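Note sheet for the following structure.
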Amino acid sequence: MKAARYYDQKDIRIEDIEEPELRPGTVAIDVAWCGICGTDLHEYLEGPIFIPPAGHPHPISGESAPVTMGHEFSGTITALGAGVTDLEVGQNVVVEPYIIHDDVDTSKGQPYQLSKDMNFIGLGGRGGGLAEKIVVQRRWVHPIGDIPLDEAALIEPLSVAHHAFVRSGAKSGQVAIVGGAGPIGLLTAAVLKAKGLTVYISELSEARKAKARETGVADEVFDPRDGDVAQKVRDLTGGKGADVGFECSSVPVVLDMLLDAVASGGVIVNVSIWGHKPEVDMPKLVLKEIDLRGTIGYASDHPDTIALVQSGKLELAPFITGRIGLDGLVDEGFDQLINNNEEHVKIIVNPRA
Ligand SMILES: NC(=O)c1ccc[n+]([C@@H]2O[C@H](COP(=O)([O-])OP(=O)(O)OC[C@H]3O[C@@H](n4cnc5c(N)ncnc54)[C@H](O)[C@@H]3O)[C@@H](O)[C@H]2O)c1
Ligand SMILES: [Zn+2]
Numbered sequence: 003m004k005a006a007r008y009y010d011q012k013d014i015r016i017e018d019i020e021e022p023e024l025r026p027g028t029v030a031i032d033v034a035w036c037g038i039c040g041t042d043l044h045e046y047l048e049g050p051i052f053i054p055p056a057g058h059p060h061p062i063s064g065e066s067a068p069v070t071m072g073h074e075f076s077g078t079i080t081a082l083g084a085g086v087t088d089l090e091v092g093q094n095v096v097v098e099p100y101i102i103h104d105d106v107d108t109s110k111g112q113p114y115q116l117s118k119d120m121n122f123i124g125l126g127g128r129g130g131g132l133a134e135k136i137v138v139q140r141r142w143v144h145p146i147g148d149i150p151l152d153e154a155a156l157i158e159p160l161s162v163a164h165h166a167f168v169r170s171g172a173k174s175g176q177v178a179i180v181g182g183a184g185p186i187g188l189l190t191a192a193v194l195k196a197k198g199l200t201v202y203i204s205e206l207s208e209a210r211k212a213k214a215r216e217t218g219v220a221d222e223v224f225d226p227r228d229g230d231v232a233q234k235v236r237d238l239t240g241g242k243g244a245d246v247g248f249e250c251s252s253v254p255v256v257l258d259m260l261l262d263a264v265a266s267g268g269v270i271v272n273v274s275i276w277g278h279k280p281e282v283d284m285p286k287l288v289l290k291e292i293d294l295r296g297t298i299g300y301a302s303d304h305p306d307t308i309a310l311v312q313s314g315k316l317e318l319a320p321f322i323t324g325r326i327g328l329d330g331l332v333d334e335g336f337d338q339l340i341n342n343n344e345e346h347v348k349i350i351v352n353p354r355a
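Laid out in structure tokens, this is it:
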């Protein structure tokens, strides 16, 4: 079967590899669509980061580069391993793409995203969504009912957004400011809006600002080049500031803006993965008693995220700005997202095309 394999920085190859084998307790899936994530771009440009470099096998998967890429994918079940009795062949599903030790409790309420050696399918080994087929453990498979398979490729980043929302403790009726409206910022705004918050966004890219307006995920969209965003947030909140802020850009001035824009006693959730250590305005954090929180991946967020999409309270289709085949992955996918984010939000790949 065809697969996109990461060898090293700037070295991703489309190759023919062996099909994965069905084992007891696993599920075989024909991949329908797989999104290209900002993390994939980081791996391509400055990695390996999550990907275990050649010769340094991951402690759980036992694999190192070359590995198959892709962690944001949907597909259809083609076979069930021995002991899997609660799913059916032909069902459409998404995968919660974790690589986690077998003895870690992954039931609801458990913080398994924080367990030792955690990594992701499509980065740390165990196949990936940028291949025609994949076999995964039952516990990571989530049925999606009649959600279209292309939109379902966005359920993984939407679960990241949902977990960020859960971490924030935000409530209906509150005001949120989202800094950076790439796929993660836009999907975070979509969850916040669906949960009944007033949402403000700060973003530079024309396409992304337009997307935030068109989809209605933001009540107001600001461009920091047009004036002080924090002041605008205060003006709209009777001088108080936002209840919650979300850092989705990994740009230091955005974190500064959020520390300024949230109210005293407010919460900032840092969603970004930082390639460098940013300066944080601690005096401001102290004097305003701001809670600055991290969030990583998701933990039992997929069922709620899928239900949110099924409820029709948020739409995923508008965020898909490109559809390509596996052979175009680098030229029409990675290169477009790296050099042309003025036009793109999420590009999805059909590995069978
Ligand atoms: N915590 C997690 O589990 C998790 C999961 C997935 C992704 N991430 C991280 O989330 C971050 C966002 O991901 P993404 O795919 O949306 O990235 P992205 O690069 O597509 O989006 C960042 C956005 O920030 C905007 N931006 C840059 N400078 C700005 C400024 N001064 N003011 C306002 N906006 C500005 C950019 O125009 C861009 O649209 C990345 O760091 C990614 O690695 C974290
Ligand atoms: Zn991702």
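First residue of the sequence shown? That's 3 in our numbering, and the numbers climb one at a time after it. All C-beta atoms in this analysis are idealised placements derived from N, C-alpha and C, irrespective of residue type, glycine included. Treat the numbers as computed from the prediction; the structure is a model and nothing was measured.
Problem - Straight-line gap, Leu328 to Ser266 (C-alpha atoms, nearest Å) - result: 48 Å
Handout entry: Sequence-distant residues of the same chain with beta carbon closer than 7 Å to Gln312, five excluded per side
Key = Scanning its chain for C-beta atoms nearer than 7 Å, with the 5 sequence neighbours on each side dropped, one finds around Gln312 the residues Gly147, Ile149, in chain order.
Problem - Inter-stretch contact (C-beta, 8 Å, three-pair minimum) for the stretch 24 to 38 and the stretch 51 to 65 - result: Verdict: no, contact absent.
Practice task
For Pro145, write down the residues that DSSP places opposite it in a beta bridge.
Solution key: In DSSP, Pro145 forms a bridge with Val95.
Problem - Helix, strand or coil at Gly296 according to DSSP, with G and I counted as helix - result: strand
Problem - Distance, Ala183 Cα to Gly324 Cα - result: 17 Å
Handout entry: Cross-strand partners of Leu82 (DSSP beta bridge)
Key = Val29
Exercise for the section: Return yes when the Cβ of Ile19 is within less than 8 Å of the Cβ of Ala5, no when it is not. Expected result: Ala5 places its beta carbon less than 8 Å from that of Ile19.
Exercise for the section: Given a cut-off of 8 Å, decide if Thr307 and Ser109 are closer than it, judged by their beta-carbon atoms. Expected result: no
Practice task
Take Phe102 as the anchor and find which of Tyr202, Ser63, Ser76, Gly85 has the nearest alpha-carbon.
Solution key: Note that residue 102 corresponds to Ile in the displayed sequence, not to Phe. Among Tyr202, Ser63, Ser76, Gly85, the Cα nearest to that of Ile102 is on Ser63.
Handout entry: Lys348 versus Glu291 - alpha carbon distance
Key = 36 Å
Problem - Any non-hydrogen atom of ligand 1 within 7 Å of His1 CB - result: In the structure as shown, the chain begins at 3 and stops at 355. Residue 1 is therefore absent and cannot be evaluated.
Problem - Beta-carbon spacing of Val137, Asp303 below 8 Å - result: no
Exercise for the section: Using alpha carbons as the reference points, say which of Tyr8, Leu318, Val264, Glu344 lies closest to Glu48. Expected result: Out of Tyr8, Leu318, Val264, Glu344, the CA that lies nearest to the CA of Glu48 is found in Tyr8.
Exercise for the section: Have a look at Gly111 and Asp228 and give me their C-alpha separation to the nearest angstrom. Expected result: 43 Å
Practice task
Put Lys348 into one of helix, strand or coil per three-state DSSP.
Solution key: strand
Exercise for the section: Using only the heavy atoms of ligand 2, determine whether one of them is closer than 7 Å to the beta carbon of Pro113. Expected result: no
Exercise for the section: On a CA-only basis, which of Asp333, Ser170, Gly124, Thr80 is nearest Val95? Give me that one, please. Expected result: Thr80
Handout entry: Gly299 vs His144 beta-carbon contact at 8 Å
Key = no
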